[in-house]
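Read through the structure below, which is laid out as structure tokens, and then see the notes.
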Amino acid sequence: DDFCFDLPKIELHAHLNGSLSDQCLKKLNCMDESTKEYKRIADVLDKTERTLTECFEVFNIAHRATNTVDAVYKATQSVIRDFYLNDHVVYLELRTTPRAEEGMSKEDYVSAVVRAIKENNLEIIVKLILSIDRRHSTEESLDTLNVILKMKTKYPDVIVGIDLSGNPHEGKFNVDLFQKARDNGLKTSIHCAEIKNDEEVENILTFGPDRLGHATFLHPSFGGSQSNWDIYCKKKIPVECCLTSNVICGTSKSFQEHHIREWIKSSLPFCICTDDKGVFCTSLKKEYEMVVEHHGLEPKDLWQISYNTVDYIFASDEIKTRLKVKLMNWYNSHE
Ligand code: 5GP
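Mapped onto the working numbering, the consecutive letters of the sequence shown carry residue numbers 149 to 483.
Here you go:
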């Protein structure tokens with residue numbers, strides 16, 4: 149147990165509004181505790197196991213709670229502290245969708261997140277990936293991309309990448325948008341094959357993002373096409389695996405029946421992530437434990453997974469070297 153906490157870990161797939169702890173959400177909601185609405189929210193938040201519908205309810209609660217610049221700042225600060233203090237994450241790539249609300253533009257939203265990241269003084273390096281929501285129209289997505297590019301010029305040391313997320317049943321991968329992001333120096337991480345959709349998966353793989361989110365239905369024994377798998381094996385793109393999230397959402401049958409087993413079996417690149425630790429009531433420590441418990445790995449293998457993950461981060465070589473030294477030192481002092 150202590151090993152999984154103690155091991156310096158790297159988190160590469162964490163959505164800001166899905167990562168908020170229940171305490172933070174209750175604090176931010178600032179609602180009148182005597183109302184029916186408060187009671188309903190409190191009931192959902194008090195559950196430590198949630199149905200899928202309840203999970204999506206938590207996204208809505210989170211979005212309502214982070215609708216001012218101050219709340220976005222506090223939420224970011226809280227998530228960073230939580231990953232460092234409760235999970236011993238030493239390098240975090242947080243992702244979030246720039247969102248405009250009354251009195252807050254998309255730029256204000258991103259600035260608040262960046263400010264919380266820059267003012268962090270814990271021993272955790274934090275970088276930011278900005279998300280495009282696949283439910284949005286091409287026009288809206290282009291608007292978001294322009295905001296992202298502008299903010300990247302302003303904060304090149306914090307904003308490192310772009311992601312495509314949101315309901316996989318809606319919208320589609322727009323290659324031109326992501327090519328433009330890439331041409332402007334952003335790394336790309338794309339949610340891929342969360343549902344079976346061979347045509348889109350082929351388009352994403354042909355584009356060749358720097359990392360893939362989930363890749364649940366990519367391997368042929370999980371319903372993916374052989375031709376897509378062949379493309380994947382040529383490119384060997386690192387996959388961000390989020391076990392609890394996939395099991396709760398029902399895309400993976402169980403922890404044992406999770407597609408991570410194919411990546412482990414064939415030594416393909418992957419990392420272990422939480423996705424939405426608040427929504428799915430998980431932690432990175434717990435995700436590492438699940439991989440040991442259900443996929444027959446030893447603690448030493450977990451160290452290797454954390455070490456390998458350094459190569460998949462979107463930050464500079466200098467930061468990679470620093471993280472590798474940290475992990476080597478930890479290894480030597482735990483032999
Ligand atoms: P935010 O971007 O608002 O900080 O984080 C919440 C958002 O992340 C959700 O509204 C959704 O768009 C996205 N998200 C969170 N978890 C998942 C997931 O498992 N799959 C996909 N496709 N999107 C997700």
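Backbone N, C-alpha and C fix where the C-beta goes; we use that ideal spot for every residue, glycine too.
Element boundaries [alpha helix (DSSP H), containing residue i]
i: ASP465; result: 465-481
i: CYS340; result: No alpha helix (DSSP H) contains CYS340, which is instead part of the beta strand (DSSP E) from 335-340.
i: ARG263; result: 254-266
i: THR201; result: 200-213
i: LYS177; result: The amino acid at residue 177 is misidentified as Lys; the sequence shows Asn. Segment 170-177, the alpha helix (DSSP H) holding ASN177.
i: TYR303; result: TYR303 -> no alpha helix (DSSP H), and no H or E assigned at all.
i: LYS184; result: 184-194
i: ASP154; result: 150-154
As assigned by DSSP and simplified to three states, the class of residue i
i: TYR239; result: strand
i: LEU160; result: strand
i: THR245; result: coil
i: LEU312; result: strand
i: ILE453; result: helix
i: ILE296; result: helix
i: ILE461; result: coil
i: VAL227; result: helix
i: GLY286; result: For the sequence presented, residue 286 should be read as Thr rather than Gly. If DSSP states are grouped into helix, strand and coil, THR286 belongs with the helices.
i: CYS429; result: coil
i: ASN269; result: coil
i: LEU445; result: coil
i: ASP331; result: helix
i: ASP424; result: coil
i: GLU437; result: helix
i: SER166; result: The sequence shown places Gly at residue 166, not Ser. GLY166 falls in the helix class under three-state DSSP.
Terminal residues of the beta strand (DSSP E) in which residue i lies
i: LYS320; result: From DSSP, LYS320 is part of no beta strand (DSSP E); its letter is neither H nor E.
i: ASP281; result: 273-281
Separation of residue j from residue i, as counted between CA atoms
i: GLU181; j: ARG409; result: 46 Å
i: LEU450; j: GLU250; result: 45 Å
i: ASN376; j: ASP346; result: 7 Å
i: SER373; j: LYS175; result: 46 Å
i: TYR380; j: THR354; result: 9 Å
i: LYS150; j: TYR436; result: The sequence shown places Asp at residue 150, not Lys. One C-alpha to the other measures close to 11 Å.
i: GLY333; j: GLY356; result: 15 Å
i: SER169; j: GLU441; result: 25 Å
i: VAL262; j: GLU350; result: 34 Å
i: LYS328; j: LEU193; result: 40 Å
i: ILE273; j: PHE326; result: 26 Å
i: ARG282; j: SER337; result: 13 Å
i: HIS367; j: GLY319; result: 23 Å
i: LYS484; j: ALA264; result: The question about residue 484 has no answer here: the residues shown for the chain are numbered 149 through 483.
i: GLN452; j: ASP191; result: 40 Å
i: ASP291; j: LEU297; result: 10 Å
i: GLU348; j: GLY361; result: 14 Å
i: CYS203; j: PHE428; result: 7 Å
i: ASP311; j: SER289; result: 12 Å
i: ASP424; j: SER481; result: 32 Å
i: THR392; j: GLY444; result: 17 Å
i: ASN268; j: HIS163; result: 18 Å
i: SER369; j: HIS407; result: 9 Å
i: PHE231; j: SER454; result: 15 Å
i: VAL323; j: THR286; result: 11 Å
i: VAL206; j: LEU270; result: 28 Å
i: ILE307; j: GLU185; result: 36 Å
Which whole runs of the alpha helix (DSSP H) in the stretch 343-422 are 4 residues long or more, in chain order? 346-355, 374-383, 391-397, 408-413
Is the number of C-beta pairs between the stretch 251-266 and the stretch 206-220 that are closer than 8 Å three or more? yes
Assess, as a yes-or-no matter, whether the stretch 414-428 is touched by the stretch 382-391 under the definition of 3 or more beta carbon pairs within less than 8 Å. yes
Flag this pair as touching only if the stretch 456-468 and the stretch 234-242 have three or more C-beta atom pairs under 8 Å; answer yes or no. yes
Check whether the stretch 226-237 and the stretch 157-175 touch, using three or more Cβ-Cβ pairs below 8 Å as the test. yes
How do the stretch 150-162 and the stretch 192-205 stand: do at least 3 beta-carbon pairs fall below 8 Å, yes or no? no
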